[in-house]
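Comments concern the structure below.
In UniProt numbering, the protein residues as written are 1 to 269.
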């Protein structure tokens, strides 16, 4: 991985959110690349339950100030940054008062999914790409973790298809076990179509539930990592039918060697 640039885009990340399979691997994978001589950037949403003072987040004025259009609405993009001290790893946070100020991640105190989670996912995807463009940083690999990041492969391949910065980038999606029950807003497919993306490309999102979000992500990826051993038969079958490299599930203690080999021999070949 020496000198290779890897962009990690994640729904969750320790130490900023509680430990779970997504947040833990979203920390471990960049640490692995960093320790093997790679260059990394990490992006995640700035949820309102992240303690900005404790983690020393601060706004990056030169990267903030842009408006992103989501479903015909202008939504201001705010970029914040912090460092994971013991690893000397910098993390970029995508923020917007309307989408991420609330003191929770994906659901309210009663466990109900936020009704705008679909727009939050679209905003996050666009925000990441626009910020990387401002950084003028061309990644060799873009590694996606978690369903809130699931629109990143689609938008890179369709909405930003002509962006030269990503023309050589290889997209890897890690697929985790089911993260939520129920569905996102039923009009999500229309909001994606507003951005000029053909509904046929995302027809499964006429029912925007967890497995279908991940199907859209892997359909627009160059490689897939199975990050759980309890995936649904439906999702496993969908991945089996893809003509891309797939890394089977490996436990965390074996991940460094497996991920590094997969990057080098399958993703970057």
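Ideal Cβ positions, reconstructed from N, Cα and C, are used throughout, including at glycine.
message = Taking 8 Å as the limit between beta carbons, can you name the residues of its chain near residue 115, skipping five residues before and five after?
response = Spatial neighbours of residue 115 in its own chain (CB-CB distance under 8 Å, excluding positions within 5 residues in sequence) are listed in chain order as 185.
key: Unbroken beta strand (DSSP E) run spanning residue 46, endpoints   = Counting along the chain, residue 46 falls outside any beta strand (DSSP E), and DSSP gives it neither H nor E.
query = With 16 as the cutoff for other CB atoms within 10 Å, does residue 95 come out buried or exposed?
reply = buried
task = Go through its chain and collect everything with a Cβ distance to residue 235's Cβ below 8 Å, but skip five positions before and after it.
result = 175, 211, 214 and 215
request  = Going by DSSP, name the residue or residues bridged to residue 68.
outcome  = 75
C-beta atoms of residue 288 and residue 138 nearer than 7 Å = Outside the modelled stretch of the chain, which goes from 1 to 269, sits residue 288, for which no answer is possible.
inquiry  = Between which two residues does the alpha helix (DSSP H) holding residue 239 run?
reply    = 233 to 240
task = For residue 193, I'd like the list of residues in its chain whose CB is within less than 6 Å of its CB, leaving aside the five on either flank, ordered along the chain.
result = 199
message = Just list the residues that DSSP pairs residue 173 with in beta bridges.
response = 144 and 224
Pair within 7 Å by beta-carbon distance, residue 149 and residue 9 = yes
query = Whose C-alpha, out of 140, 205, 108 and 264, is nearest the C-alpha of residue 154?
reply = 205
task = Could you spell out where the alpha helix (DSSP H) holding residue 214 opens and where it closes?
result = 210 to 219
query = Taking just the CA atoms, how far does residue 224 sit from residue 247?
reply = 6 Å
message = Once DSSP output is grouped into helix, strand and coil, what is the label at residue 92?
response = strand
key: residue 171 and residue 267 closer than 7 Å at C-beta   = no
ask   = residue 62: buried (16+ other C-beta within 10 angstroms of its C-beta) or exposed?
value = exposed
key: Counted within 10 angstroms of its Cβ, other Cβ atoms place residue 85 as buried (16 or more) or exposed   = exposed
request  = May I ask you to report which of helix, strand or coil DSSP gives residue 113?
outcome  = strand
message = Please identify the residue among 69, 173, 22 and 161 whose C-alpha is closest to the C-alpha of residue 239.
response = 173
query = Looking only at C-alpha atoms, which of 64, 118, 7 and 12 sits nearest to residue 41?
reply = 7
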